[in-house]
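Engineer: Pasting a structure here, questions to come.
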Amino acid sequence: MDITQARKIALDYIEKNIVPPEGDQYLIVDSAVKEVDIGWFFPFQTNRFIETNDIEYSVVGNWPILVTRNGIVHGPTRPEYYDRSTAEAPDINL
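According to my numbering, the stretch in the sequence shown is residues 36 to 129, in order.
See below:
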């Protein structure tokens with residue numbers, strides 16, 4: 036799996052499982068994607084915030100979606116919960 040495939044999985048997860056503010060949609064913030072040894076963290080934000088950078092349209096507290104290299108979604112997940120010592124994704128989705 037590469038980052039392009041993982042990004043599509045993350046976006047599909049977001050579209051199917053996380054309701055955006057009325058009249059808006061969530062987009063992945065490509066400039067903030069973080070690669071780790073088991074996969075990628077895909078942060079997301081509202082389209083209006085990305086286009087305007089107006090904090091009024093920002094959604095806070097939304098943790099990134101973790102997609103592993105074998106295509107498993109663990110998200111939303113706080114990157115701090117990722118255990119680098121065992122290179123495993125957390126078992127919980129907060």
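Backbone N, C-alpha and C define an ideal beta-carbon position, used for all residues, glycine too.
Does the beta-carbon of T39 have 16 or more other beta-carbons within 10 angstroms, so that it is buried, or is it exposed?
Structural biologist: Flag for T39 reads exposed.
Engineer: Relative to the C-alpha of N105, which candidate in D72, T87 and P114 has its C-alpha closest?
Structural biologist: Nearest option by C-alpha distance: D72.
Engineer: To test your reading of the DSSP string, which unbroken beta strand (DSSP E) runs of 3 or more residues are found completely within the stretch 70 to 95?
Structural biologist: Segments of the beta strand (DSSP E) lying fully in the stretch 70 to 95: 74 to 77 and 79 to 81.
Engineer: Under a Cβ-count criterion, where at least 16 other Cβ atoms within 10 Å of its own Cβ denotes burial, should P114 be classed as buried or exposed?
Structural biologist: With fewer than 16 other Cβ atoms within 10 Å, it is exposed.
Engineer: I'd like to confirm something about Y92: is its beta-carbon nearer than 7 Å to some heavy atom of the ligand COA, or not?
Structural biologist: Of the ligands one can find in the structure shown there are none, so the ligand COA has no counterpart to examine.
Engineer: Does I80 pass the burial test, meaning 16 or more other C-beta atoms within 10 Å, or should it be called exposed?
Structural biologist: The amino acid occupying residue 80 in the given sequence is Gln; Ile does not appear at that position. Burial call: buried.
Engineer: Should G58 be labelled buried (16 or more other beta-carbon atoms within 10 Å of its own) or exposed?
Structural biologist: Exposed is the call here.
Engineer: DSSP three-state call for I38: helix, strand or coil?
Structural biologist: The answer is helix: DSSP assigns I38 an H, G or I state.
Engineer: Taking G96 as the reference, which of V102, R42 and G110 has the closest Cα?
Structural biologist: Ranking the options by Cα distance to G96, first place goes to G110.
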